[in-house]
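**Student:** This is the structure I want to talk about, given as structure tokens.
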Ligand SMILES: C[S@@+](CC[C@H](N)C(=O)[O-])C[C@H]1O[C@@H](n2cnc3c(N)ncnc32)[C@H](O)[C@@H]1O
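In my numbering, the protein residues as written are 1 to 179.
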């Protein structure tokens, strides 16, 4: 399932509702952990990834009470940040993305596409106003897309068969980004 949210309060509520017992969650852009703290007591592992000092301070404070919370400081657009998270987990049940809801739908989409392709979540939750507006307006006018895609949180363009050729994906990703 891929869920798209517009408003940050709705995002926090929805994310809290969707995190189930013993989930592994990757949360991109937790900021002060206002969504994170709501669901932390239920997860087997939560990896919070953010590049800001405020996030680092807030998440490190939360880590005092939750040993299941890991923090990776880094730019989520970067190959090296993905590599750091891969050292902690090779997959997740839920991928949450909130890089600042009002801006850069293209970047948010790219980040989601890469991270979901690598960590293969069952459910992705994205907050971005531009993407939500786009989905609300857009209609597919091409009947050739009759195929019903599986209801999980990543796209088939990464390939459906296991093993998913992670090395190849990471090579492509490294080539594609410049940070
Ligand atoms: C609006 S805040 C997220 C709010 C949070 N979801 C909540 O419920 O309170 C956006 C966060 O994304 C982080 N962020 C934005 N771009 C980023 C990037 N390229 N790499 C890592 N973190 C990023 C910011 O540092 C900030 O902490």
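Virtual Cβ for every residue (Gly too), placed ideally from N, Cα, C. Keep in mind the model is a prediction, meaning the values are calculated, not measured.
How is the beta strand (DSSP E) around residue 96 delimited, first residue to last?
**Tutor:** From DSSP, the beta strand (DSSP E) with residue 96 extends over 94-97.
**Student:** Assuming residue 102 contacts residue 154 under a Cβ cut-off of 8 Å, what Cβ separation, rounded to an integer in Å, is found between them?
**Tutor:** The Cβ separation is near 25 Å, so there is no contact.
**Student:** Is residue 118 helix, strand or coil by DSSP?
**Tutor:** Helix, per DSSP.
**Student:** Is residue 35 near ligand 1, going by C-beta to nearest heavy atom under 7 Å?
**Tutor:** Indeed, a heavy atom of ligand 1 lies less than 7 Å from the Cβ.
**Student:** Can you tell me the Cα-Cα spacing of residue 40 and residue 18, whole angstroms?
**Tutor:** Taking the straight line joining both Cα atoms gives about 12 Å.
**Student:** Measuring straight from C-alpha to C-alpha, what distance separates residue 11 and residue 70?
**Tutor:** Computed Cα separation, rounded: 21 Å.
**Student:** Look up residue 36 in the DSSP assignment and give the residues it is bridged to.
**Tutor:** Bridge partners of residue 36: none, in fact.
**Student:** Which residues have a Cβ closer than 7 Å to any heavy atom of ligand 1, listed in chain order?
**Tutor:** My final list is 8, 11, 12, 28, 29, 30, 31, 32, 34, 35, 49, 50, 51, 52, 54, 55, 74, 75, 76, 77, 98, 99, 100, 101, 127.
**Student:** Let me know the alpha helix (DSSP H) ranges lying completely inside the region 53-97, each 4 residues or longer, listed in chain order.
**Tutor:** DSSP runs (the alpha helix (DSSP H)) wholly in the region 53-97: 53-63, 79-88.
**Student:** Roughly how many angstroms separate the alpha carbons of residue 26 and residue 110, rounded to a whole number?
**Tutor:** The straight-line gap from Cα to Cα measures roughly 16 Å.
**Student:** Can you check DSSP and say which residues form a bridge with residue 145?
**Tutor:** None, per the DSSP bridge assignment.
**Student:** Would you tell me roughly how many angstroms separate the C-alpha atoms of residue 86 and residue 20, rounded to the nearest one?
**Tutor:** In a straight line, the C-alpha of residue 86 is about 22 Å away from that of residue 20.
**Student:** Any contact of the region 2-11 with the region 131-138, i.e. 3+ C-beta pairs under 8 Å?
**Tutor:** Contact between the region 2-11 and the region 131-138 is present, because at least three Cβ pairs lie under 8 Å.
**Student:** By DSSP, does residue 50 sit in helix, in strand, or in coil?
**Tutor:** Of the three classes helix, strand and coil, the one that applies to residue 50 here is strand, per DSSP.
**Student:** Among 156, 136, 22, whose alpha-carbon lies nearest the alpha-carbon of residue 145?
**Tutor:** Out of 156, 136, 22, 156 has the C-alpha closest to the C-alpha of residue 145.
**Student:** From this set, 127, 83, 149, which residue's C-alpha is nearest residue 119's C-alpha?
**Tutor:** The candidate whose alpha carbon is nearest that of residue 119 is 83.
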